[in-house]
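With this note's numbering applied, the sequence shown corresponds to residues 1 to 104, in that order. Note that the Cβ used here is the ideal one computed from N, Cα and C, for glycine as well. Bear in mind that the values here come from a model prediction, so they are computed numbers and not experimental data. In what follows, a single structure is set out as structure tokens and then discussed.
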Amino acid sequence: MRRLANDEINIIIYIPTSMVISDDVDDFHGGHIDDFDYDTGELRLIVKKDEIDAVFTHEVEVSKTEAWGITQNDLLDTIDVQHCRWQEFDVLNKEDVCYEISAH
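Okay, structure coming up:
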């Protein structure tokens, strides 16, 4: 995640593409190209958080465990993503993106 001077929050996403992106191209459908993997066809883009269409549930529970008189609190952090898209593309790192969205 990156924060711009105007407080816009940008998120790094990975999307699949069958297109070959040349090294001199910096933009893909309005997202800034951070990297392109020629072997897998995955684009790493930096996009604005508000451009991502995501439906998910994020729950954090505290679980207490006790052993030999010592009590420990464990956080159970779960996320269930129904869908996560940027424009017409499915986001490959949807769990990471939804965690970033829920943090802000």
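Residue pairing of His58 in beta bridges, as defined by DSSP: Ile79.
In the structure shown, the three-state DSSP call for Asp50 is helix. With respect to His29, Gln82 sits apart: the two C-beta atoms are not nearer than 8 Å.
Ranked by how close their Cα comes to the Cα of His58, the residues Thr78, Val47, Ile9 have Thr78 in first place.
Taking C-beta separations shorter than 7 Å and ignoring five residues to either side along the sequence, Asp23 has no partners in its chain.
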